[in-house]
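Asks:
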Amino acid sequence: MNSLVLKLLVQRVALGLLLIFLVSIMIFLGTQILPGDVAQAILGQTATPESLANLREELGLNVPPLERYLSWLGGVLQGDLGTSLTNGRDIGASIADRLGNTLFLAMWAAIISVPLAIILGLVSVLYRGRWPDKLISAVTLSAISVPEFMMSYILMYYVAVQLGWAPSVAMLNDRMSLLDKLHAISLPIAVLVMVVLAHMMRMTRAALLNVMQSAYIETAELKGIRRSLVIWRHAFPNSIAPIVNVVMLNMAYLVVGVVVVEVVFVYPGMGQYLVDHVAKRDVPVVQACGLIFAAVYIFLNMFADIVSILANPRLRHPK
Amino acid sequence: MRSIPLPALIGLFITGLFLFTAVFAPWIAPYGVSKVVGDVWEPASGTFWLGTDNIGRDLLSRLICGGQTTIFVAIAATVVSFVTGSILGLFAAVVGGWIDQLMSRFVDLVMAIPTLIFALVVLSVMPVTIPVLILVMGLLDSTRVFRLSRAVASDIAVMEYVEAARLRGEGRGWVIFREILPNALSPLVAEAGMRFIFMVLFVSTLSFLGLGVQPPAADWGGIVKENKDGIVYGIPAALLPAIAIAALSISVNLVADWVLDRTSSLKGGRNA
Chain A
1 MNSLVLKLLV QRVALGLLLI FLVSIMIFLG TQILPGDVAQ AILGQTATPE
51 SLANLREELG LNVPPLERYL SWLGGVLQGD LGTSLTNGRD IGASIADRLG
101 NTLFLAMWAA IISVPLAIIL GLVSVLYRGR WPDKLISAVT LSAISVPEFM
151 MSYILMYYVA VQLGWAPSVA MLNDRMSLLD KLHAISLPIA VLVMVVLAHM
201 MRMTRAALLN VMQSAYIETA ELKGIRRSLV IWRHAFPNSI APIVNVVMLN
251 MAYLVVGVVV VEVVFVYPGM GQYLVDHVAK RDVPVVQACG LIFAAVYIFL
301 NMFADIVSIL ANPRLRHPK
Chain B
320 MRSIPLPALI GLFITGLFLF TAVFAPWIAP YGVSKVVGDV WEPASGTFWL
370 GTDNIGRDLL SRLICGGQTT IFVAIAATVV SFVTGSILGL FAAVVGGWID
420 QLMSRFVDLV MAIPTLIFAL VVLSVMPVTI PVLILVMGLL DSTRVFRLSR
470 AVASDIAVME YVEAARLRGE GRGWVIFREI LPNALSPLVA EAGMRFIFMV
520 LFVSTLSFLG LGVQPPAADW GGIVKENKDG IVYGIPAALL PAIAIAALSI
570 SVNLVADWVL DRTSSLKGGR NA
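Protein sequence lines, in the order shown, are assigned to chains A and B. Take the first sequence: its position 60, counted from the start at 1, is 60 in the numbering used here, and no numbers get skipped. In the numbering used here, each residue carries its 1-based index in the second sequence increased by 319.
1) Where do the N-terminal and C-terminal ends of the alpha helix (DSSP H) with Lys-403/B fall, by residue?
2) Using DSSP's beta-bridge definition, name the partner residues of Asp-180/A.
3) Return helix, strand or coil for Asp-538/B, following the three-state DSSP convention.
4) Between Ala-483/B, Gly-553/B and Ser-568/B, which has its C-alpha nearest Arg-514/B's C-alpha?
5) Find out if the Cβ-Cβ distance for the pair Ala-294/A, Phe-437/B is shorter than 9 Å.
6) Hey, is Thr-524/B's beta-carbon within less than 9 Å of any beta-carbon in chain A?
7) Can you give me the Cβ contacts of Ile-112/A inside the same chain, cut-off strictly under 8 Å, excluding the 5 residues immediately before and after it?
8) Can you tell me whether Tyr-158/A is buried or exposed? The criterion is at least 16 other CB atoms within 10 Å of its CB, across all chains shown.
9) Between Asp-97/A and chain B, is there a C-beta pair that is closer than 9 Å?
10) Starting from Asn-245/A, trace the alpha helix (DSSP H) in both directions and tell me its first and last residue.
11) If you count every other CB in all the chains shown that lies within 10 Å of the CB of Met-320/B, and 16 or more means buried, which is it?
12) Can you tell me which of Leu-122/A, Ile-298/A and Ala-184/A puts its alpha carbon nearest to the alpha carbon of Ser-234/A?
13) Strictly by DSSP, which residues pair up with Asp-90/A?
14) Under the rule that 16 or more other beta-carbon atoms within 10 Å means buried, what is Leu-585/B, buried or exposed?
15) Are Asn-301/A and Gly-16/A touching if we call contact CB-CB under 9 Å?
16) Assign Thr-448/B to one of three DSSP states: helix, strand, or coil.
17) Tell me, please, whether the CB atom of Phe-432/B is closer than 9 Å to any CB atom in chain A?
18) What separation, rounded to the nearest whole angstrom, lies between the Cα atoms of Val-413/B and Arg-497/B?
19) What three-state label does DSSP hand Arg-12/A in the structure shown?
20) List, in chain order, every chain A residue whose beta-carbon is nearer than 8 Å to that of Asn-502/B.
21) Taking Ile-550/B as the query, report the chain A residues whose CB atoms sit under 8 Å from its CB, ordered along the chain.
22) On the DSSP bridge list, what partners appear for Thr-371/B?
23) Using a C-beta cutoff of 9 Å, does Ala-363/B count as contacting chain A?
24) Rounded to whole angstroms, how far is the Cβ of Val-519/B from the Cβ of Ser-526/B, which I believe are closer than 8 Å?
25) Since Val-146/A and Leu-291/A are thought to touch, with beta carbons under 8 Å apart, how far apart are those beta carbons, to the nearest angstrom?
26) What do you get for Asp-180/A, buried or exposed, if any count of 16 or more other CB atoms within 10 angstroms of its CB means buried?
27) What residues in the stretch 290-308 of chain A bring their beta carbon closer than 7 Å to a beta carbon of chain B?
28) Kindly give me the distance between the Cβ atoms of Ile-383/B and Ala-431/B, rounded to whole angstroms, as I take these residues to be in contact under 8 Å.
29) Hey, how far is the Cα of Leu-504/B from the Cα of Asp-460/B?
30) Of all the CB atoms in chain A, is at least one closer than 9 Å to the CB of Pro-594/B?
31) Considering only residues of the same chain and omitting the five flanking positions on each side of Arg-485/B, which have a CB-CB separation below 7 Å?
32) Mind checking Arg-202/A: buried by the 16 CB within 10 Å criterion, or exposed?
33) Is DSSP giving Thr-204/A helix, strand or coil here?
34) From which residue to which residue does the alpha helix (DSSP H) around Met-270/A run?
35) Helix, strand or coil, according to DSSP, for Thr-31/A in the structure here?
36) For chain B, is any of its Cβ atoms less than 9 Å away from the one on Glu-57/A?
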């Protein structure tokens, strides 16, 4: 660890924090852009003037937007996400369990899909243009051509209903062992793995192919090394940084996929909570969930950049 | 004009078929789109080629008319996304300086939020109508078009003929629309195909979540939502839109791949 690397890391972390701050402004503005009255939009045309006035009071609409934003941000910084409009419960308390569930689901999907995507990417570059490559390409193209929720129902129909191998609804409770839990969420994991894998593998393949065009690869090939060794010893180490970026970029599909998959499998996570409350027009909940999802995504990206800074040998040995 | 390769030809044919069906949907559909004509979840038969849905409407008619809605919304959103994104992107590339920096950083910021999440945030206060959907989807997606067109245009903006046009005293509008745009068109066209597919998936997802096209209007995501309860009883009605979406998206992909291939060979790029 030298001072240059340290400086870059500090810069990157600062940038990430700044980004989260700016994103909080965007999310706040996103719920304010409606021309006219949010309260009216939430309650509809049939609202009585009293209920409108009550809701305005509750949302703090009588206060100017800047002040409202600052008090919201201040609350968030102290861990107070506000109260839900629909049931008056504390949002932080409702989210805590759900966030854990969502991370549990996403973590397993990532654990399975990341190594698999890298291996498949290596295989398809190794057998470039021959049938394994073409097969992998065709399957992944089909997988990215179908939206997540449809893939979920296809799996649910064949695997859960026809074959009966996995439950069609992903229910969790505290008494379940880890294995039972994994069995309960096997279908949601499978869907997420398929979606993420397809994107990740295609980009891993592209990143590897890009490196394969470098001059040192040609040298290695001309030395007469086996092709698998060329890829493993020469191409792969040099593509770690782009591959880490690809992996993290694809975590975005995981973040979005999780929302949809949770709704399909009635999984008690953040995504389902968010979607429910968008339909109910529960603005404080939506803002809180949106901010958390965006922050997770930004952290993942930041983490990817940090890994690629650390993995870059040129930065470790400054001139 | 070289001959079109077979995959692209198949892609063009199927895409054309979908567009044709979408345009003439009311005349092609055998039954009215929201007319209850049979029992609940009847299996496929001579009268109902694909069976009936959760309240006894003809599924084939729902699929055809649903395709019209989905494809129309997706095309409109793609147009919004492209017009906004490419004009701003080209503008940023030509003007450069702090305006470019400001616009690019703003786009980075919007892209730091996953699109679906941002759309959900905005839709929580907006009335969910088709024009609002088109605008929200189009504007959120225009960030990607902005990045692409800015990147492509920055490469072109330093070419001699652009410099020549500038020295001739042409205005910015001329430089953007007569010098840069024609040369940036091919990668943008290929990208348009991908964006269109993304929009189809996006609007279907929103409708499935109940935040897109509202009933009684039919659309592919909505058909899944309506028939999803049948899945656990072994009724595959909800899977039909998946086939339609997959077919459409694979064929558009084939066409876009061909356009991209063609342009990279035009540029003399190494496409090994």
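Note that CB positions come from ideal geometry on N, CA and C, so glycine has one too.
Replies: According to the structure data:
1) Along the second sequence, read from residue 1 onward, the residue named residue 403/B stands at position 84. Per the sequence shown, residue 403/B should be read as Thr rather than Lys. Boundaries of the alpha helix (DSSP H) harbouring Thr-403/B: 378-414, taken from the DSSP string.
2) For the purposes of this step, residue 180/A is taken as the residue at position 180 of the first sequence. In the DSSP output, where bridge partners are listed per residue, Asp-180/A has none listed.
3) Translated into the one-based positions of the second sequence, residue 538/B becomes position 219. Here Asp-538/B sits in coil by DSSP.
4) Taking the second sequence and counting its residues from 1, one reaches residue 514/B at position 195. Considering only alpha carbons, the answer is Ser-568/B.
5) Within the first sequence, numbered from 1, the residue matching residue 294/A stands at position 294. Within the second sequence, numbered from 1, the residue matching residue 437/B stands at position 118. Taking 9 Å as the Cβ cut-off, Ala-294/A and Phe-437/B qualify as a contacting pair.
6) What you label residue 524/B is simply residue 205 of the second sequence in a count that begins at 1. Yes - at least one Cβ of chain A is within 9 Å of the one on Thr-524/B.
7) The residue labelled residue 112/A in the question sits at position 112 within the first sequence. Answer for Ile-112/A: Ile-189 and Val-193, listed in chain order.
8) Reading the first sequence from its first residue, position 158 is the one you call residue 158/A. Counting the other CB atoms within 10 Å of its CB gives Tyr-158/A a total below 16, which places it among the exposed residues.
9) As a first step, residue 97/A is located in the first sequence; it is residue number 97 there, counting from the start. Not closer than 9 Å to any Cβ of chain B, the Cβ of Asp-97/A fails to qualify, so no.
10) Mapped onto the first sequence, residue 245/A falls at position 245. Going by DSSP, Asn-245/A is part of the alpha helix (DSSP H) stretching over 240-264.
11) For the purposes of this step, residue 320/B is taken as residue 1 along the second sequence, with counting starting at 1. In this prediction, Met-320/B has a pLDDT of 49, which is less than 50 and means its spatial position is unreliable; nothing more can be read from the coordinates.
12) Here the question's residue 234/A lines up with position 234 in the first sequence. With the sequence shown as reference, residue 234/A is identified as His, and Ser is not the correct amino acid for it. Closest by alpha carbon: Leu-122/A.
13) Walking along the first sequence from the start, residue 90/A turns up at place 90. When beta bridges are read from the DSSP output, Asp-90/A appears opposite Thr-83/A.
14) The residue labelled residue 585/B in the question sits at position 266 within the second sequence. With a pLDDT of only 49 at Leu-585/B, under the threshold of 50, the placement of this residue in the model should not be trusted; the figure read from the coordinates follows. With fewer than 16 other Cβ atoms from the protein chains shown falling within 10 Å of its own Cβ, Leu-585/B counts as exposed.
15) In the first sequence, counting from the first residue as 1, residue 301/A sits at position 301. In the first sequence, counting from the first residue as 1, residue 16/A sits at position 16. With respect to the 9 Å criterion, Asn-301/A and Gly-16/A are classified as neighbours on the basis of their beta carbons.
16) For the purposes of this step, residue 448/B is identified with residue 129 of the second sequence, where counting begins at 1. Coil.
17) Working through the second sequence from its first residue, we reach residue 432/B at position 113. Inspection of the sequence shows that residue 432/B is occupied by Ile rather than by Phe. Taking 9 Å as the CB threshold, Ile-432/B lines the interface with chain A.
18) Here residue 413/B refers to the residue found at position 94 of the second sequence. Here residue 497/B refers to the residue found at position 178 of the second sequence. Taking the straight line joining both Cα atoms gives about 13 Å.
19) What you label residue 12/A is simply residue 12 of the first sequence in a count that begins at 1. If DSSP states are grouped into helix, strand and coil, Arg-12/A belongs with the helices.
20) Start at 1 with the first residue of the second sequence, and residue 502/B comes out as number 183. Neighbours of Asn-502/B on chain A: none; closest Cβ ~24 Å, over 8 Å.
21) Along the second sequence, one-based indexing puts residue 550/B at 231. Simply Tyr-153, Met-156, Tyr-157, Val-161 and Ser-168.
22) Mapped onto the second sequence, residue 371/B falls at position 52. According to DSSP, which records beta bridges pairwise, Thr-371/B is partnered with Asp-377/B.
23) Along the second sequence, read from residue 1 onward, the residue named residue 363/B stands at position 44. For Ala-363/B, the answer is no, since every Cβ of chain A falls outside 9 Å of its Cβ.
24) Locating residue 519/B in the second sequence gives position 200, counting from the first residue. Locating residue 526/B in the second sequence gives position 207, counting from the first residue. The distance from the Cβ of Val-519/B to that of Ser-526/B is about 11 Å, inconsistent with a contact at the 8 Å cut-off.
25) Numbered from 1 along the first sequence, position 146 holds the residue referred to as residue 146/A. Numbered from 1 along the first sequence, position 291 holds the residue referred to as residue 291/A. Their Cβ separation, rounded to whole angstroms, is 30 Å, which puts Val-146/A and Leu-291/A out of contact at 8 Å.
26) As a first step, residue 180/A is located in the first sequence; it is residue number 180 there, counting from the start. With fewer than 16 other Cβ atoms within 10 Å, it is exposed.
27) So the list reads Gly-290, Phe-293, Ala-294, Tyr-297 and Ile-298, given in the order they occur along the chain.
28) Position 64 of the second sequence, counting from 1, holds the residue named residue 383/B. Position 112 of the second sequence, counting from 1, holds the residue named residue 431/B. Taking C-beta atoms under 8 Å as the contact rule, Ile-383/B and Ala-431/B fail to qualify, at a distance of about 39 Å.
29) On the second sequence, residue 504/B is found 185 positions in, with the first residue counted as 1. On the second sequence, residue 460/B is found 141 positions in, with the first residue counted as 1. Between Leu-504/B and Asp-460/B, the alpha-carbon positions lie close to 18 Å from each other.
30) For residue 594/B there is no data in the structure shown, the boundaries of chain B being 320 and 591.
31) The count along the second sequence starts at 1 and reaches residue 485/B at position 166. Excluding sequence positions up to five before and after Arg-485/B, its CB lies within less than 7 Å of the CB of Val-494, all in the same chain and listed in chain order.
32) Reading the first sequence from its first residue, position 202 is the one you call residue 202/A. Buried is the call here.
33) Position 204 of the first sequence, counting from 1, holds the residue named residue 204/A. Annotated three-state conformation of Thr-204/A is helix, per DSSP.
34) Within the first sequence, numbered from 1, the residue matching residue 270/A stands at position 270. Segment 270-279, the alpha helix (DSSP H) holding Met-270/A.
35) Walking along the first sequence from the start, residue 31/A turns up at place 31. Residue state, collapsed to three classes: coil.
36) Within the first sequence, numbered from 1, the residue matching residue 57/A stands at position 57. No - not a single Cβ of chain B is within 9 Å of the one on Glu-57/A.
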